[in-house]
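A.B. asks: Handing you this structure, nothing more for now.
Residue numbers (the working numbering): 3 to 187.
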């Protein structure tokens, strides 16, 4: 499985997330630093799909959308990615406008947004998605070097029994965590 994603070993500046964290970036653990730049996650994607490959794409956003993203008003759960004319577009990603949005524009919260990737990567994705069972789903949105990026995954749908296995594994892990927690008391 090939992955192309943001290098999580670098510690981003706390100011780049748009929200102050109260701690300097040097005091954050790598996991906390990654969470500080994360805008939104699509938890349904990993439940409904087997993620084969991950890719990072830039997003074309309007000004009011960037302001809303800084406030965390993003929802990815109903989103999916389509390829039209050799370009990637994300559909169903909802960015709710702020109440203080400009009066001379009419913000559309479910506007189709263009994703930016290299032509070679897009051609490769076109070949993969034409195969039976593969689709592109947004996995998360995050900040990288002051820009909003979207991590998309080349995914294959899970069967119903796979989803049941996922639930069973999750519940088993919770049981073990509870037992370990009560044992340590």
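Just so it is clear, CB atoms sit at the ideal spot from N, CA and C, and this is done for glycine as well.
Which term fits residue 120, buried or exposed, when burial requires 16 or more other beta carbons within 10 angstroms of its beta carbon?
C.D. replies: Numbered from 1 along the chain shown, position 118 holds the residue referred to as residue 120. By the neighbour-count rule (16 or more Cβ atoms within 10 Å), residue 120 is not buried but exposed.
A.B. asks: The beta strand (DSSP E) with residue 134 in it runs from where to where?
C.D. replies: To locate residue 134, count along the chain shown from 1; it is residue 132. Looking at the DSSP string, residue 134 is not in any beta strand (DSSP E), and its letter there is neither H nor E.
A.B. asks: Taking the C-alpha atoms as reference points, what is the distance between residue 86 and residue 138?
C.D. replies: Numbered from 1 along the chain shown, position 84 holds the residue referred to as residue 86. Numbered from 1 along the chain shown, position 136 holds the residue referred to as residue 138. Cα-Cα distance, rounded: 13 Å.
A.B. asks: Are the CB atoms of residue 140 and residue 78 nearer to each other than 8 Å?
C.D. replies: By 1-based counting over the chain shown, the position of residue 140 is 138. By 1-based counting over the chain shown, the position of residue 78 is 76. Yes.
A.B. asks: What separation, rounded to the nearest whole angstrom, lies between the Cα atoms of residue 169 and residue 162?
C.D. replies: Stepping through the chain shown from its first residue, residue 169 is reached at position 167. Stepping through the chain shown from its first residue, residue 162 is reached at position 160. Their Cα atoms are separated by approximately 11 Å.
A.B. asks: Which same chain residues, not among the five before or five after residue 48, have their C-beta less than 8 Å away from its C-beta?
C.D. replies: Indexing the chain shown from 1 puts residue 48 at position 46. Closer than 8 Å at the Cβ level, and outside the excluded window around residue 48, lie 141.
A.B. asks: Taking only runs that begin and end inside the stretch 51–75, name each unbroken beta strand (DSSP E) of 3 or more residues, in chain order.
C.D. replies: The qualifying runs are 51–61.
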